[in-house]
Structures are given as structure tokens and as C-alpha cells.
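Student:
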Amino acid sequence: MIIEKYIEPVLFKEYDFLTTVSIKELISYLLKYKSDSLYITKNKYPVYFFDSIDLLDIFLTDELNIKVIDYIKNNPKKIYVLEFNTNVIDAYYYMRSNNVKKAAVIKNNQLIGEISFKTISSKIADIIIKDSLTGVYNEKYFQVLIEEYKDFDKPLGIIFIDIKNIGIIEGLYGEEKVKYILKAMATKLMNLVRDIDFVFRNDYRFKIITFTELEITKKIVERIKKALDEFEVDGIKIGYSLAYSHVPEVQENILLALDEIESKLID
Numbered sequence: 003m004i005i006e007k008y009i010e011p012v013l014f015k016e017y018d019f020l021t022t023v024s025i026k027e028l029i030s031y032l033l034k035y036k037s038d039s040l041y042i043t044k045n046k047y048p049v050y051f052f053d054s055i056d057l058l059d060i061f062l063t064d065e066l067n068i069k070v071i072d073y074i075k076n077n078p079k080k081i082y083v084l085e086f087n088t089n090v091i092d093a094y095y096y097m098r099s100n101n102v103k104k105a106a107v108i109k110n111n112q113l114i115g116e117i118s119f120k121t122i123s124s125k126i127a128d129i130i131i132k133d134s135l136t137g138v139y140n141e142k143y144f145q146v147l148i149e150e151y152k153d154f155d156k157p158l159g160i161i162f163i164d165i166k167n168i169g170i171i172e173g174l175y176g177e178e179k180v181k182y183i184l185k186a187m188a189t190k191l192m193n194l195v196r197d198i199d200f201v202f203r204n205d206y207r208f209k210i211i212t213f214t215e216l217e218i219t220k221k222i223v224e225r226i227k228k229a230l231d232e233f234e235v236d237g238i239k240i241g242y243s244l245a246y247s248h249v250p251e252v253q254e255n256i257l258l259a260l261d262e263i264e265s266k267l268i269d
């Protein structure tokens, strides 16, 4: 996963354009475009950066009439730059180790935007808890929630869905078709549960956690069964098995609920 898809557009001006421009005129330019930051470039490569803190300091020190070029010479600063194809994790460590809130992003040595540490951190969180193939939550996060549930005082519905005959499908149609089916199943399930429910994937099994009463859990189960009974992907009928349990209305604790579900799926 690279940072290119997460970059944000920026305002920039070429260094040569600013030879006669004052800071006051520069601020007017920023106000015109409703921006609080500006990159200065040479041949479109970022060499300097003005942000809102810089502009506030300039205002407080009464340097509005100084030429932009002179200000840059008198106030050098390091510009942090990342290539567009930098891996998200590499970008995270680079920005964190340098305490960088925003970094310029270049492609073919030309500025194409910037990336914020906030955005990078959010994507890292997704990598940790999301399944890269389907976009639903992963097994690791399922285990985290199960462990944390011990400290919750809420009703909990748990639903497991196993996709059948994956080996046969892979033999007939190939691995890419299996991946396509898994993604289609994930999308289907996400559309069948509520926004407050959780969908996870572990290999060919999907899991759903819903913090709600048994009656609502049953309604979710029936909705899923009705939809999956007719579910096809490119004309391929997708078989499945489903089991569920509930704490505390069916089982008194989460371990017993999980054991019950596993037993039902084995049977």
C-alpha cells in the first residue's frame, strides 16, 4: 500500500515568480485561494514551505513588507519530502521519527501534493485491524474484541459463516475467482448488517459481532440466511454454513458461546 492515493492537493508557486513579491502580497494570494499554506518550488520541486504558524510569526514581527525571497534566505527550514510510491508503513516511521506533521509528495521530482501524519496514522490503524483482501476486520481484531468483551456489560450476538466447497471452486476456476468470491461475500455481509455491527474474515470463514439482544441477533441471522440462500457470483452458487450464539441469553459467557458455534458448524 503506497501513499499516492492518500495525498492531498496543495498550493504552490515557483521560486522565480517570487523575486519581487512581498510577504504581504503572498498572504493576499493565499487569502484569494482560501489556503493557509504554500509550497515554494524550483522546477516544481519543493524547496520551502509556508504554513499558518509562519504567517502568524511574520505578522507578529512586522515583516509583512519584506520580500519573500529575502525571508526564505533569512529563515531556512528543512522540507520533508516523500516519493509518491513510498509504502504507508515506511512513510509512517519516517514522519514519526522526524516529528513531521506534513510531508511534500513528489513524482518524477515534481510536487504533486502532501501527506499528513494524521492520515498516515489512520491508514496504519486500518492495516493493523483490517483484512487487506476484503476490507472487513481481520481475525486479530476479532480476538481483541473478544478479549475486551470481558470488561463490557453488554449483550453480545456472535455469528459464524463458513463458505463451502472453496477447494472445488479453486480447482475449477482458479485462485483469483476465490478471491473475487471472498470480496463479494464481504460486501454482501456488510450490506446485510447494521453500521454498528462488526464483520471479520479469517480465511474462508466470516464472523459477525453484534452488541444487541438475542431477538435482534436472530433477525440479523434470518436476513443473512435469506440473502445467502440466493447468493451467486458470476453464476456460481455459493454454499455456506451458519451458526450463532448469544451472551447472556443463550450462553452465560463468551467461551461457551464460541464452543457452541464451533460444535454446530462441525455437526
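Whatever position you read off the sequence shown (first residue = 1), add 2 for our numbering. Ideal placement from N, C-alpha and C gives every residue a C-beta, glycine not left out. All of these numbers come straight from a predicted model, not from anything done at the bench.
(1) If you check the beta carbons only, do Asp53 and Ser39 fall under 8 Å apart?
(2) Quick one: what's got a C-beta closer than 8 Å to Ile4's C-beta in the same chain, skipping five residues either side?
(3) Mind listing, in chain order, the continuous beta strand (DSSP E) runs of no fewer than 3 residues lying wholly within the stretch 51 to 117?
(4) What whole-angstrom Cβ distance do Ser29 and Glu65 have, given they're in contact under 8 Å?
(5) Consider the C-beta atom of Val102 and the heavy atoms of the ligand PLP; say whether any pair is separated by less than 7 Å.
(6) Smallest Cα separation from Tyr246: which of Thr212, Val12 and Asn110?
(7) Among Asp164, Leu20, His248 and Tyr35, which residue has its Cα nearest to the Cα of Thr43?
(8) Short of 7 Å in beta carbon distance, which residues of its chain neighbour Val83, apart from the five on each side in sequence? Order them along the chain.
(9) Just to check my reading of the structure: Ile9 and Ile81 have Cβ atoms closer than 8 Å, yes? What is that Cβ distance to the nearest angstrom?
(10) What alpha helix (DSSP H) runs, 4 residues minimum, are completely inside the stretch 159 to 213?
(11) Just the Cα atoms here: how many angstroms apart are Asp92 and Ile122?
(12) Helix, strand or coil: which one does DSSP assign to Ile42?
(13) Indicate whether Met192 and Val201 have their beta-carbon atoms separated by less than 8 Å.
(14) Measuring only the C-alpha atoms, how far is Phe154 from Asp197?
(15) What residue range is occupied by the uninterrupted alpha helix (DSSP H) comprising Val223?
(16) Have a look at Asp205, Lys120, Lys125 and Ile126 and flag the residue whose alpha-carbon is nearest the alpha-carbon of Leu135.
(17) If we ignore side chains and look at the alpha-carbon of each, how far apart do Ile171 and Glu217 end up?
(18) Along the beta strand (DSSP E) that carries Val146, what are the first and last residues, could you check?
(19) Taking the alpha-carbon positions, what's the Ser37 to Asn76 distance?
(20) Since Glu27 is in the alpha helix (DSSP H), which residue starts that stretch and which ends it?
(21) Pull the bridge partners of Ala259 from the DSSP assignment, please.
(22) Under DSSP, the beta strand (DSSP E) around Lys15 begins and ends at which residues?
(23) Return the chain-ordered list of same chain residues with a C-beta closer than 8 Å to the C-beta of Pro11, the five sequence neighbours on each side being excluded.
Tutor: Let's see:
(1) The sequence position of residue 53 within the sequence shown is 51, counting from 1. The sequence position of residue 39 within the sequence shown is 37, counting from 1. Going by C-beta atoms, Asp53 is nearer than 8 Å to Ser39.
(2) Sequence index remark: in the sequence shown, residue 4 carries index 2 (1-based). A distance below 8 Å between beta-carbons, with the five flanking residues on each side excluded, links Ile4 to the following residues of its chain, in chain order: Phe86, Asn87, Thr88, Asn89 and Val90.
(3) Runs found: 83 to 85 and 104 to 109.
(4) Numbered from its first residue, the sequence shown carries residue 29 at position 27. Numbered from its first residue, the sequence shown carries residue 65 at position 63. As written in the sequence, residue 29 is Ile, which differs from the Ser given in the question. About 11 Å; that fails the 8 Å criterion.
(5) The model on display carries no ligand, and the ligand PLP is accordingly not part of it.
(6) For the purposes of this step, residue 246 is identified with residue 244 of the sequence shown, where counting begins at 1. Per the Cα distances, Thr212.
(7) Residue mapping note: residue 43 aligns to position 41 of the sequence shown, counting from 1. In terms of Cα proximity to Thr43, the closest of Asp164, Leu20, His248 and Tyr35 is Leu20.
(8) Position 81 of the sequence shown, counted from the first residue, corresponds to residue 83. Cβ neighbours of Val83 beyond the five flanking positions: Pro48, Ala105, Ala106 and Ile108.
(9) Within the sequence shown, numbered from 1, the residue matching residue 9 stands at position 7. Within the sequence shown, numbered from 1, the residue matching residue 81 stands at position 79. Under the criterion of beta carbons closer than 8 Å, Ile9 and Ile81 do not qualify as touching, at roughly 15 Å.
(10) Within the stretch 159 to 213, the complete alpha helix (DSSP H) segments at least 4 residues long are 168 to 175 and 177 to 194, listed from N- to C-terminus.
(11) Counting from one through the sequence shown, the residue named residue 92 turns up at place 90. Counting from one through the sequence shown, the residue named residue 122 turns up at place 120. Counting only the Cα atoms, Ile122 lies some 10 Å from Asp92.
(12) Within the sequence shown, the letter at position 40 stands for residue 42. Ile42: strand per DSSP, three-state reduction.
(13) Locating residue 192 in the sequence shown gives position 190, counting from the first residue. Locating residue 201 in the sequence shown gives position 199, counting from the first residue. Yes, the Cβ-Cβ distance between Met192 and Val201 is below 8 Å.
(14) Start at 1 with the first residue of the sequence shown, and residue 154 comes out as number 152. Start at 1 with the first residue of the sequence shown, and residue 197 comes out as number 195. Phe154 and Asp197 have their C-alpha atoms some 20 Å from each other.
(15) The residue you call residue 223 lines up with position 221 of the sequence shown. Looking at the DSSP string, the run of the alpha helix (DSSP H) that includes Val223 is Leu216 to Leu230.
(16) Numbered from 1 along the sequence shown, position 133 holds the residue referred to as residue 135. Comparing Cα-Cα distances from Leu135 to each of Asp205, Lys120, Lys125 and Ile126, the minimum goes to Asp205.
(17) In the sequence shown, residue 171 corresponds to position 169, counting from 1. In the sequence shown, residue 217 corresponds to position 215, counting from 1. The straight-line gap from Cα to Cα measures roughly 35 Å.
(18) Working through the sequence shown from its first residue, we reach residue 146 at position 144. Where Val146 is concerned, there is no enclosing beta strand (DSSP E), although the alpha helix (DSSP H) it sits in stretches over Glu141 to Glu150.
(19) Walking along the sequence shown from the start, residue 37 turns up at place 35. Walking along the sequence shown from the start, residue 76 turns up at place 74. Between Ser37 and Asn76, the C-alpha separation is close to 24 Å.
(20) In the sequence shown, residue 27 corresponds to position 25, counting from 1. Its alpha helix (DSSP H) spans residues Ile25 to Lys34.
(21) Counting from 1 along the sequence shown, the entry for residue 259 is found at position 257. Note: Ala259 sits in no beta bridge, so no partner.
(22) For the purposes of this step, residue 15 is taken as the residue at position 13 of the sequence shown. Per DSSP, Lys15 belongs to the beta strand (DSSP E) from Phe14 to Glu16.
(23) Start at 1 with the first residue of the sequence shown, and residue 11 comes out as number 9. Closer than 8 Å at Cβ, skipping near neighbours: Gly115.
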